[in-house]
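Residues in the sequence shown are numbered from -17 upward in steps of one, following our numbering. Working notes for the structure below.
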Amino acid sequence: MDDDAEIIAEFLVESHENLDQLDRDLVELEQHPGSRELLSSIFRTIHTIKGTSGFLAFGRLERLTHVGETLLSKLRDGEYAMTPDIAEALLRMVDTVRALLEGIERSGNDKDPGVDVAPVQAAIELLLKNGGQPPAVEAPATEVVDTSTPSPDATEPVDASTPQPPAWDGVERRGVQAPDPAEPWDGVERRSVAEATVRVDVELLDNLVQLVGELVLTRNQILQRTDTHEDVELIRASQRLDLVASELQESVMKTRMQPIGQVWSKMPRIVRDLAHQLGREVDLTMEGHETEMDRSVLEAVKDPLTHLVRNSMDHGIERPEDRERAGKPRTGRLLLRAYHESGQVVVEITDDGKGIDPERIGAIAVQRGVVAREQLARMDTKEIIGLIFRPGFSTATEVSNISGRGVGMDVVRTNIERIGGSVDVVSEVGKGTTTRVRIPLTLAIIPALVVGEGGERYAIPQANLVELVRIEGEELRRQVERFAGAPVLRLRGRLLPLVSLAEALGGTAEEGDALTVVVVQSDDLTFGLCVSEVHDTQEIVVKPIGRQLKGLAMYAGATIMGDGRVALILDVPGMAQMQGVGAIAPENVETRGVLEGDRTALLVIEVADGRRAALPLDAVARLEEFPRERIERSGGAEVVQYRDGILPLVRLAPAIGLTDTAGRGEQVAVVVHEIEDRAVGIVIDRVLDVVEETVVLSEVGRRTGVTGSAVVQDRVTDLVDLEAVVARMGVVA
-17 MDDDAEIIAE
-7 FLVESHENLD
3 QLDRDLVELE
13 QHPGSRELLS
23 SIFRTIHTIK
33 GTSGFLAFGR
43 LERLTHVGET
53 LLSKLRDGEY
63 AMTPDIAEAL
73 LRMVDTVRAL
83 LEGIERSGND
93 KDPGVDVAPV
103 QAAIELLLKN
113 GGQPPAVEAP
123 ATEVVDTSTP
133 SPDATEPVDA
143 STPQPPAWDG
153 VERRGVQAPD
163 PAEPWDGVER
173 RSVAEATVRV
183 DVELLDNLVQ
193 LVGELVLTRN
203 QILQRTDTHE
213 DVELIRASQR
223 LDLVASELQE
233 SVMKTRMQPI
243 GQVWSKMPRI
253 VRDLAHQLGR
263 EVDLTMEGHE
273 TEMDRSVLEA
283 VKDPLTHLVR
293 NSMDHGIERP
303 EDRERAGKPR
313 TGRLLLRAYH
323 ESGQVVVEIT
333 DDGKGIDPER
343 IGAIAVQRGV
353 VAREQLARMD
363 TKEIIGLIFR
373 PGFSTATEVS
383 NISGRGVGMD
393 VVRTNIERIG
403 GSVDVVSEVG
413 KGTTTRVRIP
423 LTLAIIPALV
433 VGEGGERYAI
443 PQANLVELVR
453 IEGEELRRQV
463 ERFAGAPVLR
473 LRGRLLPLVS
483 LAEALGGTAE
493 EGDALTVVVV
503 QSDDLTFGLC
513 VSEVHDTQEI
523 VVKPIGRQLK
533 GLAMYAGATI
543 MGDGRVALIL
553 DVPGMAQMQG
563 VGAIAPENVE
573 TRGVLEGDRT
583 ALLVIEVADG
593 RRAALPLDAV
603 ARLEEFPRER
613 IERSGGAEVV
623 QYRDGILPLV
633 RLAPAIGLTD
643 TAGRGEQVAV
653 VVHEIEDRAV
663 GIVIDRVLDV
673 VEETVVLSEV
683 GRRTGVTGSA
693 VVQDRVTDLV
703 DLEAVVARMG
713 VVA
């Protein structure tokens, strides 16, 4: 119903604009009756209204515009000449169409009894019958609906069965719904759909975004200066400026937001044409078409998303006879789904086709020289599937106008990464493939982490950030080593390649007794960026970099900081490519052999006034803190509203036989544990540390919810079995 209402609203806005133009064109046509340009414009407008009203099942409106269109076609083709009678009939038609539109806005249909279509329709049909000329003899009087307010002493009886319009104050209000007769008119005009919207040139919106960007920069400068002042009024004014600038920025950015449905509107035709061309039977489903993103992002992802749909049709969904042999329905299913998640837009293209066979991908990659056989042997399944994004790679056996040239998926990833997005593919042989594209909401103003190197500052987009790690003293010597000639960081059970920002900039990295690592991610590649300083996170205005730096892949743009200095924005995928990080896969099989013994990554926590416990880190999805007042009760369970859903809570201390002391302060620490498609919040006192140690389990302390005890960081620590804790408390997410 919401979709229908949205379509009708767009139809009303466009039709009202067209009718205003029609009034002007028809009056001008009377003065220049031979103008074919005006006639064609008027004809197209009426034709559009007729076609859309037929689609929306507005029968009266469709019939009226149909006869008007027929009369206009006679004028356009030169069969009739423009006369005052024809002009009058067409103008009356425009007025009646406008009245019908106002009725549609009020009631959702064109059956308003107060609008009589018959007289206008009869007049136009009479003109058509007489070759565009009025009848020679006076036609029978046509009933005219008197819209004037009857005088109080009128003696004409009123049919009580006919709906009567409410009393008006004599002032005409076009497009305003009449008030309920039972309620007095309050003198306030209700805006129509057409009056509530305005069309603005895209260039004007772009200029507004640039001006807001400059305002944000100025705000940052003022806030930085007021930090060193003690003038209370100045600080108060700067805080007010900060609030207003943020709200203005949010409002202006919303004007550029457009639903992804604008891109998807072409997909049914594309899928239909490809299905006929490839001999497929496909059922297309689209979900989340109202998901909005910035117009510039929408333009950038249009072609990549189209290519991914074509790829699913060509390489994913099988022919009907092949699907039958595989025990599948003849008709394949293609799902397009879009939704917001963590400040980004996620677009999924899912098919139930044959999936991607890693063995076949690997064999073709070796055959075509994309990777060496020795290199392939060290890759896991995810990395092998990732080979489809390599330049020149294709699984097509023959070249066609759809595929086979080895150009496509690499361009898709490049274009998506260029706007700060990522592409991930998950596939199961015989079941299907899901391609997940993550893209930022906007490119104009983004949150970023500001770091320092060599006296200069650089911005890292927050979309690429994973975490910050500070390593000092003995930990530095133990966790950082060299592997295959490159520095790596051992972090919670895996090795991360390290890149020195100083060396990437052409300088020399300074040796010290501490190391600051910004862990960043680009698609399926995670690596650490070593920096000298970490400043803070802030919203930055993205400016294009000069042509002198455009050849450097490690820069995505520039911004102006609060002190007026320029900071370059780092392009994480480009930096990984320039530094050759891709060759050091973070989950390479060879790196697993470097780990010492059977070391386990643990999250060390505090429960029950100083008692220590540890959770397996791979069982921890997220760490959260909630204000205590946000915790509510549902039945006998504690819950909290979380990520558009409800998160059930389990207090860890009583679940493992200890006294509960969690949540005494204003904030409650929660460990989010995910089980398949469910999530549970484990309430603890606080997080102490993340460690990686060789665990020697002791039976001492073994009980329900605790597998035993071990010495962790020289302290006896309970090892918690989260599955048993959740099962014991009977929580259903």
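For every residue, glycine included, the Cβ atom is placed at its ideal position computed from N, Cα and C. Just so we're clear, the structure is a prediction, and the values are computed from it rather than from any experiment.
Identified DSSP bridge partners for residue i
i, result
"V226", "BP columns for V226 are empty, so no partner."
"V264", "G314"
"E435", "E438"
"P609", "Q649"
"S616", "A619"
"V462", "L471"
"Y62", "In the DSSP output, where bridge partners are listed per residue, Y62 has none listed."
"R594", "E588"
"T482", "The question names Thr, yet the displayed sequence has Ser at residue 482. For S482, which the question treats as bridged, DSSP gives the partners C512."
"M275", "Q240"
"Q520", "A430"
Distance between residue j and residue i (C-alpha atoms, nearest Å)
i, j, result
"I657", "A603", "10 Å"
"R88", "A558", "58 Å"
"P526", "D255", "39 Å"
"A706", "P598", "13 Å"
"D94", "T27", "23 Å"
"L318", "R251", "14 Å"
"H29", "T47", "7 Å"
"G592", "G618", "28 Å"
"D406", "A540", "28 Å"
"I(-11)", "E232", "26 Å"
"L629", "A601", "16 Å"
"L190", "V279", "17 Å"
"T416", "D285", "18 Å"
"L730", "D224", "In the structure displayed, the chain extends from -17 to 715; residue 730 sits before or after that span and is not available."
"A320", "T267", "12 Å"
"I398", "V328", "12 Å"
"G90", "G33", "18 Å"
"V673", "T582", "8 Å"
"V702", "E588", "12 Å"
"R222", "R262", "60 Å"
"G647", "E606", "15 Å"
"V99", "V49", "12 Å"
"G386", "R360", "Summary for G386: the model assigns pLDDT 38, below 50, so the residue's position carries little reliability, and this model does not support an answer."
"I68", "A(-13)", "35 Å"
"S22", "R292", "38 Å"
"I343", "I24", "58 Å"
"R218", "I613", "33 Å"
"L431", "I551", "10 Å"
CB contact flag (residue i, residue j, <8 Å)
i, j, result
"V523", "V226", "no"
"G436", "G489", "yes"
"M75", "I106", "yes"
"A484", "M536", "no"
"L458", "A496", "yes"
"R610", "V650", "yes"
"Q326", "I421", "yes"
"H517", "R439", "yes"
"M239", "E274", "yes"
"T313", "V253", "no"
"L679", "G690", "yes"
"T519", "P429", "yes"
"L631", "E620", "yes"
"G414", "D333", "yes"
"V419", "G402", "no"
"S514", "N446", "no"
"G562", "V622", "no"
"L57", "L8", "no"
Three or more C-beta pairs under 8 Å: does that hold for the stretch 443 to 451 against the stretch 497 to 517?
yes
Does the contact criterion of 3 or more C-beta pairs under 8 Å hold for the stretch 13 to 21 versus the stretch 41 to 48?
no
Any chance you could list the beta strand (DSSP E) runs of at least 3 consecutive residues sitting entirely within the stretch 396 to 434, in chain order?
404 to 410, 414 to 422
Taking three-plus beta-carbon pairs below 8 Å as touching, is the stretch 634 to 650 in contact with the stretch 668 to 687?
yes
Decide yes or no for the touch test of the stretch 284 to 303 against the stretch 202 to 216: beta carbon pairs closer than 8 Å, at least 3 of them.
no
Hey, is the stretch 69 to 84 in contact with the stretch -4 to 4, meaning 3+ C-beta pairs nearer than 8 Å?
Because the criterion of three Cβ pairs below 8 Å is met, the stretch 69 to 84 and the stretch -4 to 4 touch.
Would you call the stretch 347 to 367 and the stretch 236 to 251 in contact, with 3 or more CB pairs under 8 Å?
In the pairwise beta carbon analysis, the stretch 347 to 367 is classified as not touching the stretch 236 to 251: fewer than three pairs are separated by under 8 Å.
Could you name each continuous beta strand (DSSP E) segment of 3 residues or more that falls completely within the stretch 227 to 259, going from the start of the chain to the end?
239 to 241
Write down every uninterrupted run of the beta strand (DSSP E) in the stretch 2 to 33 whose length is 3 residues or greater and which is fully enclosed by it, in chain order.
none
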